[in-house]
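Here the protein sequences come in this chain order: S and C. This note's numbering numbers the first residue of the first sequence as 1 and each following residue consecutively. This note's numbering numbers the first residue of the second sequence as 1001 and each following residue consecutively.
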Amino acid sequence: MTPSMDLGRLRADFPILERRIRGRPLVYLDSAATSQKPQAVIDALVDCYRNYNANVHRGVYSISEEATEKYEGARDKVQGLIGAAKRESIVFVRSTTEAINLVAYSWGRQNIGPGDEILLTEMEHHSNLVPWQILAAEKGAVLRHLSVSEEGTLDLDEARRLITERTKLVGVAHMSNVLGTINPVKELGRLAHQAGAVMLVDGAQSVPHLPVDVRDLDCDFLAASGHKMLGPTGIGFLYGKTELLESMPPFMGGGDMISQVWLDHASYNDLPWKFEAGTPNFADAIGLGVAVDYLQAIGMDVIREHEKQLTAYALGTLGELPDVQVHGPRDIDIRGGAVSFCLGDVHPHDLAQVLDQEGVCIRAGHHCCHPLMRKLGVSATARASFYLYNTENEVDVLVSSLDKARAMFGQFGPAGN
Amino acid sequence: MSLPLDDLYREIILDHYKRPRNRGELDPHTVRAEGNNPLCGDEIQVDVRLADGKIEAIAFQGRGCSISQASASMMTEAVKDQDLKDVAELVDIFKRMMHGEDVDLDELGDIEALEGVQKFPVRIKCALLAWTTLEQALDEAAEETP
Ligand SMILES: Cc1ncc(COP(=O)(O)O)c(C=O)c1O
């Protein structure tokens, strides 16, 4: 633990961590799926609904102005977090999934044609695969995928080969939600730009856990979800370079995204509102703004350091167990705190069920990465994932709980497949 | 809320998981169906050989959690040598049990051990996988032989 982070005090900010499950403390190790919320974020939602709930960008009355100010203030906070040059670059959407779909729908339909190539990777989440499959099928475009090595990393040499003048977009997860791998998105972006392609970074796992600076990465698009970064569900954002966002047609039509409307045509609003049709999810956006404040008060570098140490500890203890196989890189500098593993031939689903009995929440399944599971040669993995509030003691509880699963399922299982 | 794990992982379930019955492929088979549970990645293949309106032989293979595999193993034992009409009824009773309806457990034999699964909502799909796959196989067979 870093001296600048008082874990005891920090944990007290998260009321859910006081919960007991079957008499045991809740050990929440599934923050890659969704994070827990500090009281400040919960309070912000209540404050909004109790004290100034009114539609934004509409009313002339004071509480509407207040709501608008707070909503737009949340945008500034997100802008600050990721180092965007302009606030117009931040479009509020529902989630990472919606952000990527927005790009595939709006930018993709305008810029992708027959034979054009879209380069993704084998470790992408379904949300960075399926929108492009739909687009490619519609436009006759070609999907290519960077392969994942044994250690769970990408190969820049392969990227150099695969990124050509036919490539129009490179889309890569900054951090894998299964392997924890932190991908070289800056270098990939450079290669993409050299070839005249656009770089999209799926920041669902990186923005909550690492310092992310879009000016440093020089990516064209970055997508993230509020609920994975201490914020509410139902809110996320798309960062886009303003030149690109300007040139793109709207994603959805409706109120708020227009400037003037006639019966048969309309002119569109300025950025970022051109992409925010209808009443936005202002309450949750405001909650996200408070989450960003919370993260920044601690410091993303401090959070990263804490998770690095915790992940090193987990890789160390799990790695020592002869019947545990850990997926993903061992080098702590190129990975985050999502740790997928298998316990002997105990099915991850059964493992998660037994751990639940001990109050330990881990994820079991394919983690929305079917192609990666096939690549790893498994149908599912168990995954523990850490965040700023997790402790080494919780890792110990995880490890000692494995015995229960061993006792129940150990040394057998279906003979072969 | 306290759910004893023993309700889920009954001895007989673990036994079928450990030593699956009728595991493998069936050659020749009348029909083969594949099912999967996208939520947890469980996969199953069911081969059925029909003769005289009965399931003469059945085999399954696949991978998945103890519940999905044990349920498949138990199912193959229960439906073997049964009239298709009785099989359809058994499938129906099993599905209703998984959906929490009161059913006559005596009809089910060993399969009754899976009753505890319905208290674990996310596992119900695991238990049902083999059964819905069998249903699919039998539907296909019925379509092919008018
Ligand atoms: C790498 C990655 N991309 C995208 C997503 C999708 O996020 P959401 O479901 O919030 O849209 C996730 C969430 O699991 C993820 O881990």
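Cβ coordinates follow ideal geometry from the N, Cα and C atoms, glycine included.
With a cut-off of 8 angstroms on Cβ pairs, the stretch 320-340 of chain S is not in contact with the stretch 1102-1118 of chain C, counting fewer than three such pairs. At a beta-carbon threshold of 8 angstroms, the residues of chain S lying near Glu1043 (chain C) are Ser379, ordered along the chain.
In this structure, Leu45 (chain S) places its C-beta atom within 7 angstroms of the C-beta atom of Ala283 (chain S). Boundaries of the alpha helix (DSSP H) harbouring Gly289 (chain S): Phe282 to Ile298, taken from the DSSP string.
Taking C-beta atoms as the reference points, Thr97 (chain S) and Ala224 (chain S) fail to come closer than 7 angstroms. DSSP places Ala32 (chain S) outside both helix and strand once states are collapsed to three, so it counts as coil. DSSP places Ser1073 (chain C) in the uninterrupted alpha helix (DSSP H) bounded by Ser1066 to Val1079. With 5 angstroms as the limit, the residues whose C-beta approaches any heavy atom of ligand 1 more closely are S:Ser95, S:Thr96, S:Thr97, S:His125, S:Ser127, S:Ala173, S:Asn177, S:Asp202, S:Ala204, S:Gln205 and S:Ser225, in sequence along the chain. Annotation: Cβ neighbours of Ala364 (chain S) in chain C (cutoff 8 angstroms, chain order): Cys1040. Close partners of Asp30 (chain S) in chain C (Cβ separation under 7 angstroms) are lacking, with about 14 angstroms as the shortest Cβ gap. Chain-order list of chain S residues neighbouring Gly1064 (chain C): His347, His349 and Ser379, by C-beta distance under 8 angstroms.
In the structure shown, the three-state DSSP call for Asn51 (chain S) is helix. Chain order gives no chain S residues near Leu1050 (chain C), where near means a beta carbon separation below 9 angstroms; the closest approach is about 26 angstroms. Contacts with chain S at 7 angstroms (Cβ-Cβ) do not include Leu1128 (chain C). In this structure, the beta-carbon distance from Asp350 (chain S) to Ser1066 (chain C) falls below 7 angstroms. It is roughly 29 angstroms from the alpha-carbon of Leu1008 (chain C) to the alpha-carbon of Arg1032 (chain C).
The alpha carbon of Val1048 (chain C) has as its nearest neighbour, out of C:Asp1102, C:His1099 and C:Met1075, the alpha carbon of C:Met1075. Under the Cβ distance rule, Leu1108 (chain C) does not count among the residues neighbouring chain S, no pair being separated by less than 7 angstroms. 7 angstroms or more divides the Cβ of Phe221 (chain S) from the Cβ of Val148 (chain S). Rounded to the nearest whole angstrom, the C-alpha separation of Arg330 (chain S) and Tyr1017 (chain C) is 33 angstroms. With respect to chain C, the C-beta atom of Gln309 (chain S) has no partner C-beta closer than 7 angstroms. Against Gln357 (chain S), the close residues of chain C are Leu1005, in the order they occur along the chain (beta-carbon pairs closer than 7 angstroms). Cβ neighbours of Leu1134 (chain C) within its own chain (closer than 6 angstroms, five residues either side excluded): Val1046. Neighbourhood of Phe409 (chain S) in chain C, by CB distance below 7 angstroms: Ser1066, in chain order. Bridge pairing for Arg1032 (chain C): C:Asp1047 [DSSP]. When beta bridges are read from the DSSP output, Glu1025 (chain C) appears opposite no residue. Taking a Cβ-Cβ threshold of 8 angstroms, the residues of chain S close to Leu1008 (chain C) are Gln353, in chain order. Around Met199 (chain S), the same chain offers Val170, Gly189, Ala192, Cys219 and Asp220 as residues with beta carbons nearer than 6 angstroms, after the five sequence neighbours per side are excluded.
Only exposed fits Pro1038 (chain C), as fewer than 16 other CB atoms lie within 10 angstroms of its CB. Residue state for Ala384 (chain S) is assigned as strand, using DSSP reduced to three classes. Straight across, the Cα-Cα distance linking Leu388 (chain S) with Asn101 (chain S) is about 29 angstroms. Judged by their CB atoms, Phe92 (chain S) and Ala285 (chain S) are nearer to each other than the 7 angstroms cut-off. A straight-line Cα-Cα distance of about 7 angstroms links Glu66 (chain S) and Tyr52 (chain S). In this structure, Gly1041 (chain C) and Gly152 (chain S) do not form a Cβ contact; the two beta carbons are roughly 18 angstroms apart against a cut-off of 8 angstroms. Nearest Cα to Val78 (chain S) within the set S:Pro208, S:Ser259, S:Pro184 and S:Glu358: S:Pro208.
Within the same chain, Trp107, Val198, Asp220 and Phe221 come within 8 angstroms of Leu244 (chain S) by CB-CB distance, once the 5 residues on both sides are set aside.
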